[in-house]
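Sequence order for the protein chains is Z and G.
Okay, so the first sequence: first residue is 3 according to the numbering used here, each after it adds one.
Okay, so the second sequence: first residue is 346 according to the numbering used here, each after it adds one.
Note that the Cβ used here is the ideal one computed from N, Cα and C, for glycine as well.
As structure tokens, the structure follows; a few thoughts come after it.
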Amino acid sequence: MARFTGKVAVVTGAARGIGAATAKLLARDGAAVAVLDMDESSCHDVVSAIRESGGTAEAFSCNVTDSADVSKVFEQVANRFSAVHILVNNAGIIRDNLLFKMTEDDWDSVMNVHLRGAFLCSRAAQQYMVAQKYGKIVNTSSTSALGNRGQANYSTAKAGLQGFTKTLAIELGPFGICVNAVAPGFIVTDMTKETSRRIGVDFDENQRRAAERIPLRRVGRPEDVANVSAFLASDDASYVSGQVIYVHGGGFY
Amino acid sequence: MDLMMNGKTALVLAGSRGLGFATATELALHGARVVIVSRSEEAIQRAAKELILQVPQAQVVPLAGDVSSAEDLARVYRCIQSECEGVDILVNNCGGPSPGTFLELTDDEVWEQAYDLTLMSAVRSIRHALPAMQKKGWGRIVNITSSSMKQPIPNLVLSNVFRAAVASLTKSIALEVGASGILVNAVGPGRIATERVASLDLVTANETGLSLEEVSAQSASRIPVGRYGTPQEFAKVVAFLASGANGYVTGQSLLVDGGLVSSM
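This is the structure:
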């Protein structure tokens, strides 16, 4: 029996990048996966890929910053798959800028998607998890939580998610719910591609430069992070809670 | 989950009981050949038999040796070299150093013993293991420590100092050997139901006049998930980090503590 057989997983921001890799891995190992993203049609590729490999998945459009939308989608997921066991809070955006150029909208948008989004989705998911005395929540922090030029907003949000993780671990632990976070470093996704564009460096060149400063001498792949998130979402990690695992190949040095 | 351990050789120090034994068992379950080491010849032979009872297909090599002794570690690695091309997976583990507070432990000798047992066992063992890993361009090292590496535990000053040192060693080596495909991490247990934790609870029981059950219940009530962990739950985390399924996590210090320690 695969490790997620009979489990229902919700992955936010699952149309692309790390979210897509995580959704596919959870589905490959037996979970029914609700693939959430802003635009339902953007989830089509992930859902088709999962179904073509014999897995179960369904797309849901969800604006994680909208309380009513989140409640509605979790209800739909629970109706469709009859439970919610695993939540991967992965939805994220960047609005990078140096502080003096950062607008209030840059700040608020990033806070809303990461922090308000993780809050609303976790609050919706815990209803099902507490009732069934079982749940796994994996939040997506980042090495940017430790500080990153041009990312005052993103860094703050990603550090905030670590506090959120540790507090939920304390509050939800008595109900059999483990809450952890992964903190990816440089992973090849559309988001890091966008960062390269912003700083005016060719993406391949940027990856090469980053790899030189990473102990493992390579940049990460979405699957590198998905493997760790899936481990944390599995019963192999049944006594791991409140942890933040950096998935960064040893970090920059 | 396939941890891709078939054909790998794993060395687990202090592998005769507790977390070391559980880890060796988990690695064997995933197909690794395991070499287990502990001081007593009799204990390590018994552990090997017990492991094979639990995992009948297991390949187990029991070796007697004191992990705090440089000579014994050198001998263990010579034995391994004579049988195969070195260790692919190294799990450094050791018993806990003496309890006590800073004000109580005034003898240099007890500090030096803790240094050899807790820090130098890992230093020496990694030194022996690295050349073969570097040659193969693949290796996984997991240092078993304690939650004291993140947050000091009262009355365990030696653990607090040397476990933190192992965490820092872990990060330092991760930087140096990453380019050779070697990942190095540390895992610290919180309250895991082992003989060691039971004996610590017994000490508390004797000091406070409470029963052993009352002491454990009080202790469990402070853990977010509300219970002690099992050695197997701990071992599964070590096995993941020691496996091919982990490709990009290195230099990390992770706790398996049910949410107990709240440090960042």
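- At a cut-off of 8 Å between beta-carbon atoms, Gly533 (chain G) makes no contact with chain Z.
- By the criterion of a C-beta distance shorter than 7 Å, Leu547 (chain G) is surrounded in its chain by Leu557, once the five residues flanking it on both sides are discounted.
- The distance from the Cβ of Val10 (chain Z) to that of Ala33 (chain Z) is about 7 Å, consistent with a contact at the 8 Å cut-off.
- Counting along the chain, no beta strand (DSSP E) covers Arg541 (chain G); the unbroken alpha helix (DSSP H) around it starts and ends at Glu540 to Thr553.
- G:Gln597 is the residue among G:Leu555, G:Glu552 and G:Gln597 whose C-alpha sits nearest the C-alpha of Lys516 (chain G).
- When Cβ-Cβ separations below 8 Å define contact, Leu545 (chain G) makes no contact with chain Z.
- Excluding the 5 residues flanking it on each side, Leu600 (chain G) has same chain C-beta neighbours closer than 7 Å at Ser492, Lys495, Gly533, Gly535 and Val606, in chain order.
- Listed by position along chain G, the residues whose Cβ is nearer than 9 Å to that of Gln164 (chain Z) are Met609.
- By alpha-carbon distance to Phe62 (chain Z), the top candidate from Z:Ser146, Z:Gln153 and Z:Asn81 is Z:Asn81.
- Taking 8 Å as the threshold, the shortest C-beta distance from Pro224 (chain Z) to chain G does not fall below it.
- Along the length of the stretch 136 to 167 of chain Z, whole beta strand (DSSP E) runs at least 3 residues long occupy 137 to 142, reported in chain order.
- Contact between Asn488 (chain G) and Gly360 (chain G) does not hold, since their C-beta atoms are separated by about 14 Å, which reaches or exceeds 8 Å.
- The stretch 104 to 112 of chain Z makes no contact with the stretch 181 to 200 of chain Z; the number of CB pairs closer than 8 Å stays below 3.
- With 16 or more other CB atoms across the displayed protein chains lying within 10 angstroms of its CB, His250 (chain Z) is buried.
- Among the CB atoms of chain G, one or more fall inside 8 Å of the CB of Leu218 (chain Z).
- With contacts defined by Cβ atoms closer than 8 Å, Ile397 (chain G) and Ala388 (chain G) do not form a contacting pair.
- For Ala587 (chain G), same chain residues with a beta-carbon under 6 Å away, outside a window of 5 residues either side, are Ile434, Arg485 and Val487 in chain order.
- Between the alpha carbons of Lys74 (chain Z) and Ala25 (chain Z) lies a distance of about 20 Å.
- For Phe83 (chain Z), the enclosing alpha helix (DSSP H) starts and ends at Ser69 to Phe83.
- Per the coordinates, the alpha-carbon of Asp411 (chain G) lies some 36 Å from the alpha-carbon of Pro569 (chain G).
- Leu555 (chain G) and Leu501 (chain G) have their alpha carbons spaced roughly 21 Å apart.
- Less than 8 Å divides the Cβ of Val49 (chain Z) from the Cβ of Ala59 (chain Z).
- The stretch 231 to 241 of chain Z and the stretch 129 to 136 of chain Z do not touch, with fewer than 3 CB-CB distances between them shorter than 8 Å.
- Proximity of the stretch 370 to 386 of chain G to the stretch 444 to 458 of chain G falls short of the contact definition, fewer than three beta-carbon pairs being nearer than 8 Å.
- Proximity of chain G to Asp238 (chain Z) at the Cβ level (cut-off 9 Å) is accounted for by Met346, Glu578, Lys581, Val582, Ala584 and Phe585, in chain order.
- Here DSSP, grouped into helix, strand and coil, assigns Pro176 (chain Z) to helix.
- Secondary structure at Asn208 (chain Z): helix, using DSSP grouped into helix, strand and coil.
- Check the Cα spacing between Ser124 (chain Z) and each of Z:Glu173, Z:Gly222 and Z:Gln245: the tightest is with Z:Glu173.
- For Ile518 (chain G), the enclosing alpha helix (DSSP H) covers residues Val502 to Val522.
- Not flagged as an interface residue toward chain G: Ile20 (chain Z), since no C-beta distance is shorter than 8 Å.
- Assigned with DSSP and collapsed to three states, Glu430 (chain G) falls in coil, not helix or strand.
- Every alpha helix (DSSP H) stretch that sits fully inside the stretch 376 to 452 of chain G and reaches 4 residues is listed by chain position as 386 to 399 and 415 to 428.
- For Gly571 (chain G), the nearest beta carbon of chain Z is closer than 8 Å to its own beta carbon.
- Val90 (chain Z) has Z:Val13 and Z:Val140 as its beta-bridge partners, per DSSP.
- Against chain Z, the CB of Tyr460 (chain G) has no partner CB under 8 Å away; the residue lies outside that interface.
- Judged by DSSP secondary structure, Ile486 (chain G) falls outside any alpha helix (DSSP H) and instead within the beta strand (DSSP E) spanning Gly484 to Ile489.
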